[in-house]
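Reading through the structure tokens given below for one structure.
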Amino acid sequence: MMTTKYDSIIIGGGPAGLAAAIKAKELGLNVLLLENRDVLGGIPLQCLHPGFGLHYFKEDLTGTEFIYRFIDKFQKMGIEYFTNAHLTEIENISDTEKRIKVITSKGLQTFTAKTIIYATGARERHLYEIGVTGKRLPGIFTAGEAQTMMDVYGIMPGKEIVIVGSGDVGLIMARRFALEGATVKAVIELMPFPGGLTRNVVQCLDDFGIPLYLSHAVTRVEGDSTVEKVIISEVNERLEIKEGTEKEIKCDTVVVAAGLVPYIKILEKIGVVKDQATRGPIVNEYLETLIPGVFTAGNALVINDLVDHVVEQGELAAFGASEFVKNEGIPTRKWKRVFRGRNVRLLVPHYVSGENDVIIYARVSRPMNKVKVRFPEINKEVRLPVVKPAEMISIKLKKEEIQRAVDRITMEVLSNE
Amino acid sequence: MSNNEKRLMTCIVCPLGCELEVEIDENGNVVAVTGNTCPKGKDYAIQEVTAPKRVVMSVVYVKGSIFPTVSVKTNKPVLKSKIFDVMKEISNITLEAPVEIGQIIIKNVAGTDADIVTTRPAPKK
Ligand SMILES: Cc1cc2nc3c(=O)[nH]c(=O)nc-3n(C[C@H](O)[C@H](O)[C@H](O)COP(=O)(O)OP(=O)(O)OC[C@H]3O[C@@H](n4cnc5c(N)ncnc54)[C@H](O)[C@@H]3O)c2cc1C
Ligand code: SF4
Numbered sequence: 050m051m052t053t054k055y056d057s058i059i060i061g062g063g064p065a066g067l068a069a070a071i072k073a074k075e076l077g078l079n080v081l082l083l084e085n086r087d088v089l090g091g092i093p094l095q096c097l098h099p100g101f102g103l104h105y106f107k108e109d110l111t112g113t114e115f116i117y118r119f120i121d122k123f124q125k126m127g128i129e130y131f132t133n134a135h136l137t138e139i140e141n142i143s144d145t146e147k148r149i150k151v152i153t154s155k156g157l158q159t160f161t162a163k164t165i166i167y168a169t170g171a172r173e174r175h176l177y178e179i180g181v182t183g184k185r186l187p188g189i190f191t192a193g194e195a196q197t198m199m200d201v202y203g204i205m206p207g208k209e210i211v212i213v214g215s216g217d218v219g220l221i222m223a224r225r226f227a228l229e230g231a232t233v234k235a236v237i238e239l240m241p242f243p244g245g246l247t248r249n250v251v252q253c254l255d256d257f258g259i260p261l262y263l264s265h266a267v268t269r270v271e272g273d274s275t276v277e278k279v280i281i282s283e284v285n286e287r288l289e290i291k292e293g294t295e296k297e298i299k300c301d302t303v304v305v306a307a308g309l310v311p312y313i314k315i316l317e318k319i320g321v322v323k324d325q326a327t328r329g330p331i332v333n334e335y336l337e338t339l340i341p342g343v344f345t346a347g348n349a350l351v352i353n354d355l356v357d358h359v360v361e362q363g364e365l366a367a368f369g370a371s372e373f374v375k376n377e378g379i380p381t382r383k384w385k386r387v388f389r390g391r392n393v394r395l396l397v398p399h400y401v402s403g404e405n406d407v408i409i410y411a412r413v414s415r416p417m418n419k420v421k422v423r424f425p426e427i428n429k430e431v432r433l434p435v436v437k438p439a440e441m442i443s444i445k446l447k448k449e450e451i452q453r454a455v456d457r458i459t460m461e462v463l464s465n466e
Numbered sequence: 003m004s005n006n007e008k009r010l011m012t013c014i015v016c017p018l019g020c021e022l023e024v025e026i027d028e029n030g031n032v033v034a035v036t037g038n039t040c041p042k043g044k045d046y047a048i049q050e051v052t053a054p055k056r057v058v059m060s061v062v063y064v065k066g067s068i069f070p071t072v073s074v075k076t077n078k079p080v081l082k083s084k085i086f087d088v089m090k091e092i093s094n095i096t097l098e099a100p101v102e103i104g105q106i107i108i109k110n111v112a113g114t115d116a117d118i119v120t121t122r123p124a125p126k127k
């Protein structure tokens, strides 16, 4: 039996994967998309709130509305795909041949392709990863689990809720619980400032009178057979527990919104190198990893707060795959490394060539007002009114600008006052 | 000398989250807004001072679909004080598949000028 060799197989049917598949098909590639769950859509499918697509569609859509625009287009284009298809292994046979193993409802299947676009999103951090002790009681959920239960299946996880983490995910979940009539007893945040956008603190917590405990750590979750209470303590500037500040909060449900981590174990097995800052792969301006022909986009590359950036990355990876297929490899011979300078916690991509305009996505370590973002080697400076760790910065470097650099470009964020 | 109150608030219309300073006179009228990057910020400040409004979202059960629910929202912001009346009316409804995206399922919910529209489809099983 002849098996098709695809130009590109896209792993993951969230916004990154769908955008990549649509773009790749438009660029003339023969593509297949594989999605682990029984439905396409990824995270936005369970996001009922608005705040999606302001840049891409110039409209404020809910996550569900946003993602259905892509699902509809994807299906109308007749792109081949499987749901209930879980990628377990990639074999790097040669630079232009990848074989993948996928568990499907029909059993283990293998497919081959010239390129892979890895768009599997991220995994949620668990309580034990943030130093909380206690039994693994029923009543502890990650934010994603709680959101799927409530907003896809219509089942309330509990009545009295404590949320761990004040990033946008934690804040948005607090509002959903409050709207559905649960009591959100507290949102607990380790840092002295909220992790999410101010607008979410206002409309998710303040609107419903939900208390936010800043500079507090959850140390234990207690209960006999289900969750009964959480124990919290204040922390000092070095984030160490202050003795004698222990307090308990009664609740029946703990929702952990302690952040996301790109999940790239499958890529690491074939030698993809990880950036310790993003915890995703090291990539060039085509979002190609250090393994030729393996591209990545979305939360598998870097944790994104805006779906618009995710879609941009998906489209870019598809462009990369198409260049790869045309030229039997990315033709660039000389790369310039992009380095993190002052107050830049992470950035992607790591290598640029000067052959294309490139968008640099970055996050700062500390919030700052009135800043200049500088790229000293190429004499570029961009002013921004505010930068916050919770909000990704995206800055376009023109190819002529990149050409000015010899072999490196540094990005730094400095005060402009 | 003016007795005008100065109130600080964050514009929540878009994710930029501009920090606004709103000047309010003795009668509760907004006389000046600064800090907004676009005109929507000014409208927001006036609205927020006089009658704050929010978009409300929830899910509604669906019978006979591959999904147990469809997601819904108000198609425009409703008065904050009406949020729980809106939620109550939504919770009284059950739909039959198929449900399309963008379908109006309640007109003038809780006596407001907003409708409840679906934001996710629920195809038949
Ligand atoms: C609670 C919450 C609120 C948010 N709010 C906003 C907002 O208001 N505005 C905004 O712009 N953005 C928002 N975001 C961010 C946005 O949703 C994400 O950045 C975006 O969904 C990331 O897209 P992705 O395609 O990379 O990953 P995902 O959406 O996670 O999709 C990845 C897909 O890959 C599949 N997959 C995983 N592993 C495998 C495998 N081994 N084999 C096959 N398939 C696999 C998964 O099932 C999933 O469908 C929010 C995120 C969260 C969690
Ligand atoms: S003022 Fe305009 S730009 Fe600023 S947050 Fe409001 S809507 Fe966004």
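First to last, the protein sequences are chains A and B. In terms of the numbering used here, the first sequence opens at residue 50 and continues consecutively. In terms of the numbering used here, the second sequence opens at residue 3 and continues consecutively. Glycine is no exception: its CB is placed at the ideal position from the N, C-alpha and C atoms. Being a predicted model, the structure only gives us computed values, none of them experimental.
If contact means a Cβ-Cβ distance below 7 angstroms, which residues of the stretch 106-129 of chain A contact chain B?
Cβ contacts with chain B come from Thr-111, Thr-113, Glu-114 and Tyr-117.
At 9 angstroms on the CB atoms, spell out the chain A contacts of Cys-16 of chain B, in chain order.
Going along chain A in sequence order, the residues near Cys-16 of chain B (Cβ under 9 angstroms) are Gly-100, Leu-103, Asp-109 and Arg-248.
Classify Asp-200 of chain A: buried if its beta carbon has 16 or more other beta carbons within 10 angstroms, exposed otherwise.
When all chains shown are included, Asp-200 of chain A counts as buried.
When burial is assigned at 16 or more other CB atoms within 10 Å of the CB, is Glu-114 of chain A buried or exposed?
Buried, by the Cβ-count rule.
Exposed or buried, what is Lys-385 of chain A when buried is set at 16 or more other beta-carbons lying within 10 Å of its beta-carbon?
Buried is the call here.
Quick check: is any heavy atom of ligand 1 less than 7 angstroms from the C-beta of Leu-316 of chain A?
Checking the Cβ of Leu-316 of chain A against ligand 1 gives no.
Identify whether His-358 of chain A lies in helix, strand or coil by the three-state DSSP scheme.
In the structure shown, His-358 of chain A sits in a helix (DSSP, three-state: H, G or I).
Tell me which residue opens and which closes the alpha helix (DSSP H) that Val-51 of chain B is part of.
First-last of the alpha helix (DSSP H) with Val-51 of chain B: 41-52.
Can you pull the chain B residues whose beta carbon is under 8 angstroms from the beta carbon of Tyr-410 of chain A, in chain order?
Chain B residues near Tyr-410 of chain A: none, gap ~15 angstroms exceeds 8 angstroms.
Check this for me: beta carbons of Lys-147 of chain A and Glu-140 of chain A, under 8 angstroms apart or not?
Contact: yes.
Should Leu-110 of chain A be listed as close to ligand 2, given that the test is whether its C-beta is under 7 angstroms from any heavy atom?
No; taking the cut-off as 7 angstroms, the Cβ of Leu-110 of chain A has no heavy atom of ligand 2 nearer than that.
Output yes if chain B places a C-beta closer than 8 angstroms to the C-beta of Gly-62 of chain A; else output no.
So no, Gly-62 of chain A is outside the interface.
For a cutoff of 8 angstroms on Cβ pairs, would you count Tyr-202 of chain A as touching chain B?
At least one chain B Cβ lies under 8 angstroms of Tyr-202 of chain A.
Quick one: does Val-431 of chain A have its CB under 8 angstroms from some CB of chain B?
So no, Val-431 of chain A is outside the interface.
Does chain B have any CB closer than 8 angstroms to the CB of Ser-464 of chain A?
Answer no: the Cβ-Cβ gap between Ser-464 of chain A and chain B never drops below 8 angstroms.
Could you check whether the Cβ of Ser-60 of chain B sits closer than 8 angstroms to any Cβ belonging to chain A?
At least one chain A Cβ lies under 8 angstroms of Ser-60 of chain B.
Using C-beta distances below 6 angstroms, list every residue in its chain close to Ala-231 of chain A, excluding the 5 sequence neighbours before and after it, in chain order.
Answer for Ala-231 of chain A: Lys-208 and Ile-210, listed in chain order.
According to DSSP, is Ala-349 of chain A part of a helix, a strand, or is it coil?
Ala-349 of chain A: helix per DSSP, three-state reduction.
Beta-carbon separation of Leu-336 of chain A and Ala-349 of chain A under 8 angstroms?
Cβ atoms of Leu-336 of chain A and Ala-349 of chain A: not closer than 8 angstroms.
Between Leu-355 of chain A and ligand 1, is the CB less than 7 angstroms from at least one heavy atom?
Yes, the beta carbon of Leu-355 of chain A sits closer than 7 angstroms to at least one heavy atom of ligand 1.
What's the C-alpha gap between Met-11 of chain B and Lys-375 of chain A?
For Met-11 of chain B and Lys-375 of chain A, the distance between alpha carbons rounds to 53 angstroms.
Roughly how many angstroms lie between the CA atoms of Phe-373 of chain A and Lys-323 of chain A, to the nearest whole one?
Whole-angstrom Cα-Cα distance: 22 angstroms.
Specify, as a first and last residue, the run of the alpha helix (DSSP H) that Leu-220 of chain A falls within.
Segment 217-228, the alpha helix (DSSP H) holding Leu-220 of chain A.
Over the uninterrupted beta strand (DSSP E) stretch that includes Ala-99 of chain A, give me the two end residues.
Going by the sequence as given, residue 99 of chain A is Pro instead of Ala. That run of the beta strand (DSSP E) goes 99-101.
In whole angstroms, what is the alpha-carbon distance linking Gly-43 of chain B and Arg-224 of chain A?
Distance between the alpha carbons of Gly-43 of chain B and Arg-224 of chain A is about 23 angstroms.
Only counting the same chain, and skipping five residues up and downstream in sequence, which positions put a Cβ closer than 6 angstroms to that of Ile-470 of chain A?
For residue 470 of chain A there is no data in the structure shown, the boundaries of chain A being 50 and 466.
Using beta carbons (cut-off 8 angstroms, strictly below), is Thr-12 of chain B in contact with chain A?
Yes, its Cβ sits closer than 8 angstroms to a Cβ of chain A.
For the stretch 190-278 of chain A, which segments carrying the alpha helix (DSSP H) assignment without a break, of at least 4 residues, lie completely within its bounds, in sequence order?
Taking only runs of at least 4 residues, the alpha helix (DSSP H) segments lying wholly in the stretch 190-278 of chain A are 192-200 and 217-228.
Is the Cβ-Cβ distance between Ala-227 of chain A and Val-304 of chain A less than 8 angstroms?
Not closer than 8 angstroms, so no.
From this set, A:Leu-355, A:Lys-184, A:Thr-153 and A:Asn-85, which residue's C-alpha is nearest His-104 of chain A's C-alpha?
The candidate whose alpha carbon is nearest that of His-104 of chain A is A:Leu-355.
Taking 7 angstroms as the cut-off, does the CB of Thr-36 of chain B come closer than this to any heavy atom belonging to ligand 2?
The answer is no for Thr-36 of chain B.
Quick check on DSSP: helix, strand or coil for Tyr-177 of chain A?
Correct three-state label for Tyr-177 of chain A: helix.
Could you tell me the distance, in whole angstroms, from the CA atom of Pro-260 of chain A to the CA atom of Ala-112 of chain B?
Computed Cα separation, rounded: 28 angstroms.
From Glu-91 of chain B to Lys-126 of chain B, what distance separates their C-alpha atoms?
Using only the alpha carbons, I get a separation of about 25 angstroms.
Cα separation between Thr-132 of chain A and Asp-87 of chain A?
Rounded to the nearest angstrom, the two C-alpha atoms are 5 angstroms apart.
In chain order, what residues of the stretch 362-391 of chain A put their CB closer than 7 angstroms to some CB of chain B?
Under the 7 angstroms Cβ criterion, the stretch 362-391 of chain A contributes no residue.
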